[in-house]
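Student:
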Amino acid sequence: MLTSNSGYLRYWLFILIFLIINPSLADEKGLVELDNLQALQADMQTNDKPLMLVFRASYCRYCRQLEKDELLPLLQDTTVRDRVIIRTVTLDAEHNLRDWQGAELSPKQLGKQYQVSITPTLVFLNSQGKEVVEPIKGYNGSEFFGAYLENAIVQAQQAVKQP
468 MLTSNSGYLR YWLFILIFLI INPSLADEKG LVELDNLQAL QADMQTNDKP
518 LMLVFRASYC RYCRQLEKDE LLPLLQDTTV RDRVIIRTVT LDAEHNLRDW
568 QGAELSPKQL GKQYQVSITP TLVFLNSQGK EVVEPIKGYN GSEFFGAYLE
618 NAIVQAQQAV KQP
């Protein structure tokens, strides 16, 4: 009996340590990869929310730093989900996604539509897929970046609420 309980406890201890070491797996409210723009459109229209697309690349260390320093902490603020929808687009990903009309395209093709030339790039859109705020290009770890990001979110909110 002691042996089976010991194995059971070791199993759960391993799971707990794994989740502590890799908290992104434990947090269901982390960054979400874009898969379907058309599906987001109704939520955007109904709730007057802009969409912030975070264009990134798997090899981009600045992208990872932006996520760690700015985006993941931003998502801990529960009011953010009421103000903006945030999705990531990994430009070098192998999977396709759906555009505003439901057609398939690659992440790289979507990046070209929004003239993404460097990663990371943050693009702010209305429910018709139009840019409503100047994109934020690059990340240098500046202590002012959070203020720039907050300002862009507020401007995007105001733009989608205008008649």
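In this note's numbering, each residue's number is its place in the sequence shown (first place is 1) plus 467.
Beta carbons are placed, not taken as given, at the ideal position from N, Cα and C, and that holds for glycine.
Here the structure is a predicted model, which means the values were calculated and not measured.
Taking C-beta to C-beta, are G613 and E500 nearer than 8 Å?
Tutor: no
Student: Does DSSP put P517 in a helix, in a strand, or in coil?
Tutor: coil
Student: Taking 8 Å as the threshold (C-beta atoms), are G608 and Q532 in contact?
Tutor: yes
Student: According to DSSP, is V556 part of a helix, a strand, or is it coil?
Tutor: When DSSP states are grouped into helix, strand and coil, V556 belongs to the strand group.
Student: Which residues does DSSP pair with L564 in a beta bridge?
Tutor: L572.
Student: Would you mind stating whether R548 and N503 have Cβ atoms separated by less than 8 Å?
Tutor: Here R548 is not near N503, since their CB atoms are 8 Å or more apart.
Student: Please say whether I620 and V551 have beta carbons closer to each other than 8 Å?
Tutor: yes
Student: Tell me whether E495 sits in a helix, a strand or coil according to DSSP, three-state version.
Tutor: Below a pLDDT of 50, predicted positions are generally treated as unreliable, and E495, at 48, falls in that range; the measurement from the model is reported next regardless. E495: coil per DSSP, three-state reduction.
Student: CA-CA distance, N563 and D544?
Tutor: 30 Å
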